[in-house]
Each structure stands twice: as C-alpha cells, then as structure tokens.
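For reference, the structure discussed in these notes is given below.
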Amino acid sequence: MWNIPFFPASSKPGRRDLLKQALGIGLSLGIAGTLLQSCETAPIASSLNFANWASAETATRNDIDKVLQLFESRNNVQVNNIAMPFDGVLAQLTELIHARIVLDVMELSGNWPFALAGIGALADLGPFVTRDWYQDSFPNSFSVGTYEGTLYAVPFSITPHGFWYNRKLMASAGLDPTRPPRTMDELNQAMTVFRAKLPATSYPLGLDTSVTEYALVGFWPWVWTFGGNPMVDNGDGNVSIDWTDAGTIAAFQWLQDAIRARWSPPNLAIKAEREMMAEEQIVFKLDGPYLNGILGSFNPAFSTSQQVNGTFSVTTTPLGPGVTQPVTCADIHNLAISSSSSNQELSWKLIDFLTTSREVITTFLIPEGGMLPYLSYNLNPRLYGRFYADPINQAFINAVIPTMRAPAYGPRYSTAALAIAAAIQDVAQGAAVKPRLLRLTEEVKALYA
Amino acid sequence: MWQFLINMSIARRLMIAAAITALIPGIVISVLGGSYIGTLQTINNTVKSSNDAVKLVTDMQADLLRMNSLLEVLNTDPGSAVSNVQNSREITQLATNFGTSSASYQKNYQITTSANMKSIRDTLQGNTLGTQASISQHSMIYVVNLQWQIYQSAQNQVLHDVQDQASANTLADDVAQANLEYLPLKGNLDNLVSLTESISQVVSQINTFKINPTLFWTIVAFLVSTLVVFALSYLINLTITRPLRRLVQLTERIAQGETDARAFVTGHDETYMVATSMNTMLDSIARLMQNVQHQHNMLETRVNEFIVEVRGFGSGDLRTRAEVTADELGFLAHSLNYALEKLSGLIAHVKTASNEVENITRTTQASVSQLVPGNVEQMQSITTAAEAIENLDNATKTIMDEVRTLTALAQKTRRFGQALSENDERKRAEEPGSFRTILELIEQQAGLIESIEANLSQQILLCRRALQSVQRVVEGSRQRKTCIDEANDQVSKLARAVGDLQSSVSVFKIQEDHAVSQKLS
Chain C
1 MWNIPFFPAS SKPGRRDLLK QALGIGLSLG IAGTLLQSCE TAPIASSLNF
51 ANWASAETAT RNDIDKVLQL FESRNNVQVN NIAMPFDGVL AQLTELIHAR
101 IVLDVMELSG NWPFALAGIG ALADLGPFVT RDWYQDSFPN SFSVGTYEGT
151 LYAVPFSITP HGFWYNRKLM ASAGLDPTRP PRTMDELNQA MTVFRAKLPA
201 TSYPLGLDTS VTEYALVGFW PWVWTFGGNP MVDNGDGNVS IDWTDAGTIA
251 AFQWLQDAIR ARWSPPNLAI KAEREMMAEE QIVFKLDGPY LNGILGSFNP
301 AFSTSQQVNG TFSVTTTPLG PGVTQPVTCA DIHNLAISSS SSNQELSWKL
351 IDFLTTSREV ITTFLIPEGG MLPYLSYNLN PRLYGRFYAD PINQAFINAV
401 IPTMRAPAYG PRYSTAALAI AAAIQDVAQG AAVKPRLLRL TEEVKALYA
Chain X
1 MWQFLINMSI ARRLMIAAAI TALIPGIVIS VLGGSYIGTL QTINNTVKSS
51 NDAVKLVTDM QADLLRMNSL LEVLNTDPGS AVSNVQNSRE ITQLATNFGT
101 SSASYQKNYQ ITTSANMKSI RDTLQGNTLG TQASISQHSM IYVVNLQWQI
151 YQSAQNQVLH DVQDQASANT LADDVAQANL EYLPLKGNLD NLVSLTESIS
201 QVVSQINTFK INPTLFWTIV AFLVSTLVVF ALSYLINLTI TRPLRRLVQL
251 TERIAQGETD ARAFVTGHDE TYMVATSMNT MLDSIARLMQ NVQHQHNMLE
301 TRVNEFIVEV RGFGSGDLRT RAEVTADELG FLAHSLNYAL EKLSGLIAHV
351 KTASNEVENI TRTTQASVSQ LVPGNVEQMQ SITTAAEAIE NLDNATKTIM
401 DEVRTLTALA QKTRRFGQAL SENDERKRAE EPGSFRTILE LIEQQAGLIE
451 SIEANLSQQI LLCRRALQSV QRVVEGSRQR KTCIDEANDQ VSKLARAVGD
501 LQSSVSVFKI QEDHAVSQKL S
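Same order as they appear, the protein sequences are chains C and X.
Per my numbering, the first sequence starts with residue 1, numbered consecutively.
Per my numbering, the second sequence starts with residue 1, numbered consecutively.
Printed below as a string of structure tokens:
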C-alpha cells in the first residue's frame with residue numbers, strides 16, 4: 001500500500017506530527033532561501049576617498065593604482081583615488097573640505113598638515129600610532145605632523161633635500177668629484193669655475209624661483225645656512241617674523257647674485273630644473289631622494305639607481321657663514337585622516353597598509369625614491385635595506401636626514417609661503433633685496449596678524 | 001467560534017475549507033505578481049538611468065582626451081596658423097560640450113540630488129555600497145568640476161597664447177601647466193567613469209537583490225498557505241475525522257462486549273446525528289440482550305425441571321409425564337408425553353401379545369408333543385397349532401405395525417432433538433448437562449424401541465417359519481416325525497423368543513389402565 005509521507009496510513013497524524021511536518025517544510029524552504037541568498041557575491045563593505053598627488057603624476061600613477069587595487073581586493077572596499085596636481089593639493093583640498101567633500105585619507109607635504117589641522121580638517125592619529133613606530137622612526141619625522149601637541153599626520157615618505165652634484169661634470173671641469181663643496185665659499189668658487197666652462201644652456205646650480213610653496217622648501221636651507229631665521233615659532237603659537245635679518249638678506253642677495261652671474265637659470269620651476277639635471281645641464285641642486293627616479297623618467301641613461309649613482313652623489317647643504325652644522329628643510333610626505341571621515345578605522349587601515357605593506361613599499365615607495373617611514377626598514381638588509389644600500393640613499397640616511405629642520409609650520413604658513421616665494425622670484429628677477437624683504441615682512445606679518 | 005464551527009454541517013465546513021485553500025493562493029499570486037511587475041519597472045528605470053549616465057560620462061572622457069591632444073599640437077609656427085585656428089575652434093567646441101555634459105551629468109545623474117536618479121536613489125537607499133557610491137559620486141563630480149575649471153583656465157591661457165602669438169617658451173610653459181592640470185583631471189574623470197560604471201553594476205546587483213524580497217515573500221506565502229492548509233486539515237481532523245474515529249473505537253468496544261459504552265460527540269453536525277443514532281441503537285440492543293438473557297435463564301430453569309420430570313423415563317418408567325408448558329419446551333414435553341403414551345400402549349400390546357404367544361406356544365408345544373401318539377389327534381392338533389400360529393403371526397404383524405409406528409415416532413423425536421440441539425447449540429454449549437441428558441434419554445428410548453422392533457421382526461420371522469412348518473406338516477405329511485420334531489423345535493425356539501420378548505418388554509413400566517385396556521382389546 002502507498003504511504004503518503006504527510007498522511008501516514010498506519011496511524012492517525014497527531015498534533016505534534018502536523019507541527020513537525022510544518023516545521024520541516026519551513027526549515028527546508030528556509031535553508032533553500034538561505035542557500036539562494038548565500039550564492040550571491042559579498043557586497044563591498046565600504047569606500048574611501050584618498051586624495052593624493054601620486055595619482056596625478058605619470059611616473060607614479062600606475063604604481064599607486066596597483067597598490068590601491070590590492071588594498072581594495074584584500075579589504076573588500078572601494079578606494080576612490082582622487083588625483084591632484086602637487087602644486088594645487090592644498091588649495092583643492094581646502095576647497096573640497098569647505099564644500100564638505102569628505103577626503104578620508106590625504107597625502108600631504110610640508111606645512112599642509114598644519115594648514116589643514118588649523119581649520120579642524122584632520123583627525124587625531126595619536127590613538128592609532130603604536131609606540132614601536134615612534135621608536136623606529138627618523139628623528140623629527142613625526143614632528144612635522146604634530147600641531148599643538150596633537151599628531152595629525154604620520155610620515156609616508158621621508159624626502160628632505162640633499163645637495164646633489166654631478167661628479168662627471170665636476171671631473172670634466174677639473175674639480176675633484178670626490179670632494180663636493182662643503183661651504184658656500186667653495187660652492188661659489190666651484191660655480192665660478194663651472195660658469196666659465198659650461199655651455200650657456202647649462203648652469204652650475206638649480207634654484208627654484210617659481211611662486212609655489214614647494215619652492216620655499218628648496219630655499220629654506222640657503223636662508224638658514226646664511227644664518228637667516230626670518231620666522232621663529234615661539235612655541236606658544238606665536239611666530240616672530242623678520243625677513244630683514246642679516247642672514248636672510250645675505251641669502252636673498254646670494255640668490256640674486258647667482259641669477260645675475262647665470263649660476264642658476266632664471267624663472268624656472270623645479271620640474272624644468274630636474275629635466276635639465278637629468279640632461280646634465282645643471283651640476284648642483286638641492287632636491288629630495290626621489291630625484292633618483294625622476295632623473296630616469298627624463299633620461300633613460302639614468303633609468304636605474306646604479307646609473308644615477310654612477311654620475312651623481314648627494315651630500316649635505318654647504319655650510320654658510322651663519323651655521324656650524326649643515327641644515328636642510330624637513331620635507332616629509334605625510335598621510336592624514338579627515339576629521340569628518342565616517343570610517344576612520346578603515347582609513348587608518350589604508351594608512352597602515354601604505355606604510356607597512358611589502359607590496360606598497362616595493363611597488364610604490366621604493367620606486368618613488370623616498371625613505372621609508374620605519375627607520376629599520378631602510379637599514380635592515382633583510383627588510384628593504386638592500387634597496388637603500390647605494391651611496392646616494394646612504395648619504396640621505398646618514399648625512400642629510402639628521403640635518404632636517406622644520407620651518408615655522410603653522411596654519412598660516414602655506415599662505416605666507418606663497419608671499420615668500422613671490423618675494424624670492426622678485427629678488428631673483430632683480431628686485432632690491434632689502435626693500436623687498438621689508439615688504440615681505442609686512443606681508444607675512446599681515447597674514448599672521 | 002468553535003461551537004459555531006462544530007455546529008456547521010460537514011459539507012459546508014469542507015466547502016469553506018476548500019474555498020479558503022483556493023482563495024489564499026489566488027490573493028498571494030495577485031499581490032506578489034503586482035509587486036513583481038512594479039519591481040521590474042523600477043529595475044528598467046534604474047538600468048536606463050545608469051546606462052545614460054555611463055554614456056554621458058564616457059563622452060566627457062572622450063572630449064577631454066581630444067581637447068588635450070589638440071592642445072598639445074598647438075604651436076607658434078606661422079605655417080600652422082590655419083590648423084591652430086581650426087584646433088582652437090574644436091577645443092572651444094569640445095570645452096563647451098564638456099562643460100555642458102558636466103553640468104548635465106551633475107544635474108541629471110548625481111544620485112544624491114537629481115530627480116532622474118530617484119529610482120536609483122531609492123534602489124541604493126539602505127545599501128551600504130549604494131550609500132558609499134552616492135557619496136563617492138558626489139565627491140568625484142565636485143573634484144572633476146573643480147579641476148575642470150582649473151584646467152579650462154590653463155587651456156584658455158594656451159589658446160590666448162596662440163591667439164596672441166606668444167613666444168614659444170611661454171606657450172610651452174602654458175601647455176606644460178595645462179598638462180599638469182590635465183593629468184589629475186583625466187585621472188579623476190576616469191575614476192568618475194569607473195564609479196558610474198560601478199554604480200551601474202551596483203544598481204544591477206541591487207536590482208537582483210530586489211527580486212529577493214519577492215522570492216522571500218513567495219516562500220513566506222507558500223509557508224503560510226501550507227500552514228493554513230495544515231490548520232484546515234487539523235480542523236477537519238479535529239471536527240470530522242476524530243469524531244468518526246471515536247465512533248469506530250466505540251463499535252470496537254461494543255464488539256468486545258462493552259455494551260455500556262456510548263458515543264460522546266459535541267456539536268450538531270452529521271457526525272453528531274450518527275452518534276445519536278448509534279447510541280439509540282445501542283440502547284435497543286442492550287434491552288434486547290437483557291430480554292434474551294432473561295428468556296435463556298427461564299429456558300434453562302425449564303430444561304432442568306424437564307430433566308427432573310423425565311428422569312424416570314431413562315430407567316424404563318413409562319408412567320412418567322413431562323409438564324407441558326407454554327414455552328419452547330412445551331412442544332418437546334408434549335411430543336415426549338405423546339411418545340410415552342404411544343410407547344406405553346405399544347408395550348402393553350406387546351406384553352399382552354407376548355403372553356398370548358406364550359400361552360399359544362405352550363399349547364403348541366403340548367400339541368406338538370401329542371402329535372406322535374395319534375395322527376388324527378395329531379393332525380387336529382397341528383391344525384389347531386397352525387391356526388394358533390397364524391393367529392400369532394397376525395398378532396405379531398399388528399405388533400410389528402405398532403412397533404414401526406413407534407419406531408417412526410422415535411426417529412421423529414430423535415430428529416426433533418437433533419434440530420433442537422443444533423438451533424440451541426450455544427445454549428447447549430453453555431448448559432451441556434441438561435440437553436445432553438434429554439438427548440441421551442431420547443436416544444435410549446429410540447434404542448429400546450429399535451431393539452423391540454428387531455425382536456418383533458425376528459419373532460414374526462420365526463412365526464412364519466413355524467407356520468410354514470406346521471403348514472408343511474398339515475398339508476404335506478403327517479407321517480414325518482421329523483417334521484413334527486422340527487416343528488417342535490421351532491415352537492421351542494418360538495417359546496424362547498417369546499420369553500426373550502417378555503423379558504424385554506418387562507423392563508417397561510406402564511400404567512395399569514394401559515395393560516387392562518390392552519387385555520380387554
């Protein structure tokens with residue numbers, strides 16, 4: 001006889017039997033529904049806006065895209081890679097922040113952490129950073145991200161300016177390529193020699209006289225080496241401003257003289273000067289460690305670090321009359337999180353990935369040319385020390401970075417920097433030094449008032 | 001409610017259950033079908049909007065690429081003046097298109113603000129990725145517009161350089177600056193394209209999810225429908241099957257002898273009516289059984305009394321009579337009494353005849369013994385003996401007839417007894433002593449009668465043989481002594497047979513009036 005499952009013929013179906021059967025059907029269908037649901041792919045959990053200039057530059061765009069895609073796939077998130085031209089980063093960031101566009105993670109440089117922290121746009125990163133990192137970092141590398149005692153930006157790439165020199169050109173000029181200029185006098189003498197021997201299209205020294213904030217990064221070492229100290233942070237948030245001190249005037253006068261003597265090309269921005277450096281049309285230049293890669297992008301003859309080291313060397317800024325120790329500007333590429341980011345944990349995860357991930361370090365940071373934010377990464381051969389074993393990088397690590405000095409960074413510094421750069425350009429173009437610096441002092445004081 | 005339900009007729013109950021079972025899937029199909037069609041319309045709208053957005057932003061991407069490539073070929077060579085003008089016009093046209101497209105994209109396809117994107121906005125609402133995509137799109141649109149303005153300024157500067165025939169260095173610097181602005185703009189526009197495509201994919205994905213509620217509710221509806229069907233089945237089980245099962249159990253209990261059991265069914269439906277009828281029927285059956293039991297008891301008493309009454313019959317006392325009552329045993333008693341009456345009469349006849357035969361036999365013996373001395377006397381005696389034998393033969397025949405009648409009566413009585421025993425087999429089983437006793441008595445009497453019949457038959461045979469011998473003596477020869485001796489032997493045998501007959505008949509005790517009447521007759 002056929003036995004229908006839900007209606008057994010042998011015995012009467014009890015209440016429990018009915019409930020069991022109903023429950024069984026319910027469970028079966030529930031499981032089927034759950035299985036159907038589970039067949040769907042897991043949706044992306046969140047997204048981040050990452051504003052940076054690496055994506056705006058041809059040389060680094062592909063590399064940063066690769067590592068970001070890696071982060072996206074590993075963390076099931078979407079990263080909106082917002083590219084900004086380096087010179088326009090602060091202005092565009094400021095405008096976007098005012099428009100309430102949330103930029104979760106930002107790549108910053110120089111004074112920008114102070115400028116943005118001053119308008120409350122950055123989140124406190126203190127809770128995220130471990131003590132280990134503080135202990136395993138270059139001296140002062142966290143100081144340029146700390147505003148009023150709060151850490152707003154962490155180092156991403158340590159890129160202070162060192163004194164680059166072309167050994168081949170020195171040798172061809174009859175100078176000892178193993179003994180670069182150690183003082184301003186030696187530099188001036190060397191430039192005199194070069195000017196006499198170099199063709200008109202080549203220059204002994206590259207000085208950035210564009211009206212950009214970054215131009216000032218390259219000029220601060222000259223000011224300081226002449227003993228100038230035009231802007232001093234008193235430590236209480238107040239800045240003493242005097243662009244007419246003797247050292248500053250001497251530095252500006254030296255600039256004007258160098259342009260006049262055609263030691264340096266007039267009205268050239270740093271990009272053009274780097275191109276000339278790559279073409280071996282400039283002998284000396286203050287620039288960051290990333291120049292190593294940039295030279296290769298302009299000239300295939302320098303496409304490898306070995307090739308660059310074969311021609312160029314790096315040392316500290318020549319000593320001027322006002323200092324006993326070489327000095328350079330603490331130029332560090334930082335990473336910061338927006339204070340309005342709704343997902344600061346995830347944002348920090350991206351920062352942690354960008355600063356510690358092997359893929360980022362080997363794919364982006366090392367090719368970019370800066371020093372890695374963890375000191376041991378640069379020194380330990382088992383880590384990435386072998387990538388930094390060449391003379392240029394060793395010079396940066398052992399000689400240049402210890403001479404880093406932070407300018408009087410602050411919320412108004414970036415605005416003041418443009419006024420200062422304009423003054424540099426004016427002086428380079430022949431403006432009377434002292435009057436122009438007096439005016440500059442007034443302009444800057446007005447900005448800080 | 002419950003009372004109302006169980007008072008409702010089964011047919012109506014089943015009809016309502018069937019109607020509910022059919023109605024619920026109908027409603028479910030209508031509602032889910034309507035919802036599904038609405039979902040499909042929304043999906044179509046969102047897919048169209050997202051596709052349009054992708055197309056527009058892709059056009060912007062193409063315009064930007066073309067603009068920048070045209071910008072890079074601008075130069076200060078006097079021979080390129082015409083192409084510079086054409087390229088400048090095209091750049092201006094492309095810039096206008098780009099600006100229009102950018103504004104159009106922001107107006108029509110920005111998820112957070114555009115009316116066109118309401119369906120997508122609604123689709124993405126509550127979805128984490130959708131919310132993130134909306135925010136990202138808003139950010140990217142703002143960044144692209146901001147950088148487009150910066151790039152356009154740089155582009156215009158280049159166009160002015162060409163128009164103003166600026167120096168080659170100035171043009172190169174301005175083109176380089178435009179290029180610096182172009183790269184991030186292009187990157188962000190690429191991101192916007194990817195994001196728009198991503199939103200389109202998200203919309204497709206969410207559209208897939210949108211079907212899920214319909215699927216979910218279909219499953220829920222199926223479950224609910226199943227539960228309703230189960231509930232209806234349970235109600236039917238509770239209100240129809242269970243009462244019927246109780247009735248089945250009731251019949252089983254009654255079959256097992258539990259006659260006190262009665263059906264208990266609530267409500268006023270058909271089952272209740274059946275139960276009520278069954279209860280009434282059971283009451284009647286119980287009464288009938290009580291009556292039967294009473295009659296059985298009475299009959300048993302009567303049988304016992306009957307046995308006591310006819311107990312002497314077994315020992316041959318034919319004077320005994322059973323009491324004739326009005327019940328079933330009355331006929332049996334009457335038949336038995338009648339048989340006894342007849343038997344008594346017959347026995348009396350047999351006794352009388354046997355006495356006469358005895359006398360005749362003695363006479364015959366005496367006569368036969370006297371045959372030897374004298375022939376005449378002998379002949380006369382033989383003739384007398386022959387006559388006596390003939391008389392005996394006649395008498396014996398008469399007795400034989402009576403005995404046959406008695407035998408028939410005895411057989412009839414036996415059959416009656418057998419029929420009675422078969423009809424009341426159960427009673428006989430319950431009360432084996434009484435009936436067995438009666439039947440044994442009847443059997444005994446029938447046996448006696450058959451024995452008498454056999455004796456009589458033998459007697460008749462002997463009489464006939466004696467008569468034949470005598471006749472042979474009378475008719476044939478008077479001289480043969482041998483024949484006389486033979487006759488004498490036959491007579492002697494006859495005398496012994498008569499003696500046997502008398503001893504057999506003497507067992508029976510009959511009333512004196514019978515014997516007297518027989519003698520008289």
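Note that beta-carbon positions come from the ideal geometry of N, C-alpha and C, so glycine has one too.
- Contacts with chain C (Cβ-Cβ distance below 8 Å) from the stretch 124-147 of chain X involve ASN127, THR128, LEU129, GLN132, ALA133, ILE135, SER136, HIS138, SER139, MET140, TYR142, VAL143, LEU146, GLN147, listed in chain order.
- Check the Cα spacing between PHE222 of chain X and each of X:ALA395, X:ILE24, X:ILE206: the tightest is with X:ILE24.
- Annotation: GLN135 of chain C to HIS161 of chain C spans about 23 Å, alpha carbon to alpha carbon.
- VAL77 of chain C is bridged by DSSP to C:SER46.
- Segment contact: the stretch 309-321 of chain C against the stretch 160-175 of chain C, three or more CB-CB distances shorter than 8 Å; contact assigned.
- In terms of beta-carbon proximity, PRO25 of chain X stays away from the interface with chain C, with every pair separated by 7 Å or more.
- With a threshold of 7 Å between beta carbons, PRO184 of chain X makes contact with chain C.
- The three-state reading of DSSP puts ALA51 of chain C in strand, counting E and B together.
- The beta-carbon of ASN188 of chain X is placed less than 7 Å from the nearest beta-carbon of chain C.
- Rounded to the nearest angstrom, the gap between the Cα atoms of MET184 of chain C and VAL400 of chain C is 17 Å.
- Between the stretch 75-92 of chain C and the stretch 186-200 of chain X, the count of C-beta pairs closer than 8 Å reaches three or more; the two stretches touch.
- When X:THR251, X:TYR272, X:SER503, X:ILE389 are compared, the shortest CA-CA separation from GLY316 of chain X is found for X:SER503.
- As DSSP reads the structure, TRP220 of chain C sits in no beta bridge.
- Between TRP243 of chain C and LEU437 of chain C, the C-beta spacing is below 7 Å.
- For the options X:ILE389, X:LEU346, X:LEU56, X:LEU227, the alpha carbon positioned closest to that of ILE452 of chain X is the one of X:LEU346.
- Chain C has a Cβ within less than 7 Å of the Cβ of LEU180 of chain X.
- Shown here, GLY206 of chain C sits in a strand according to DSSP, grouped into three states.
- Annotation for SER347 of chain C: LEU48, ASP104, VAL105, ILE337, SER341 place their beta carbon closer than 7 Å to its own, counting only its chain and skipping 5 residues before and after.
- With fewer than 16 other Cβ atoms inside 10 Å of its own Cβ, GLN325 of chain C counts as exposed.
- Looking at the DSSP output, ILE64 of chain C bridges to nothing.
- The C-beta separation of SER114 of chain X from LEU56 of chain X comes to about 12 Å, leaving the pair out of contact by the 8 Å criterion.
- As a beta-bridge residue in DSSP terms, VAL154 of chain C pairs with C:LEU335.
- Residues of the same chain with a CB within less than 7 Å of the CB of ASP164 of chain X, apart from the 5 flanking positions on each side, do not exist.
- If you ignore the 5 residues before and after LEU462 of chain X, its C-beta comes within less than 8 Å of the C-beta of GLN490, LYS493, LEU494, ALA497, all in its own chain and listed in chain order.
- ALA56 of chain C is not a Cβ neighbour of GLN344 of chain C, given a cutoff of 7 Å.
- Taking a contact as a CB-CB distance under 8 Å, the pair LEU329 of chain X and VAL303 of chain X counts as one, their CB atoms being some 6 Å apart.
- The three-state secondary structure of ALA123 of chain C, taken from DSSP, is coil.
- With contacts defined as CB atoms closer than 7 Å, GLY145 of chain C and ASN334 of chain C qualify as a contacting pair.
- Within the model, the alpha-carbon separation for ASN292 of chain C versus VAL308 of chain C is close to 6 Å.
- For ASN191 of chain X, the residues of chain C that pass the 9 Å Cβ criterion are SER55, ASN80, ASN81, ILE82, ALA83, in the order they occur in the chain.
- Around the beta carbon of GLN256 of chain X, fewer than 16 other beta carbons lie within 10 angstroms, which makes this residue exposed.
- In its chain, beyond the 5 residues on either side, ILE10 have a beta carbon closer than 6 Å to the beta carbon of ILE240 of chain X.
- With 16 or more other Cβ atoms inside 10 Å of its own Cβ, GLY410 of chain C counts as buried.
- Inter-segment contact for the stretch 123-137 of chain X and the stretch 84-97 of chain X is absent: fewer than three beta-carbon pairs are separated by less than 8 Å.
- Per the C-alpha coordinates, the member of X:ILE236, X:ASP52, X:LEU180 positioned closest to THR58 of chain C is X:LEU180.
- For the pair ALA176 of chain X and PRO127 of chain C, the Cα-to-Cα distance works out to about 43 Å.
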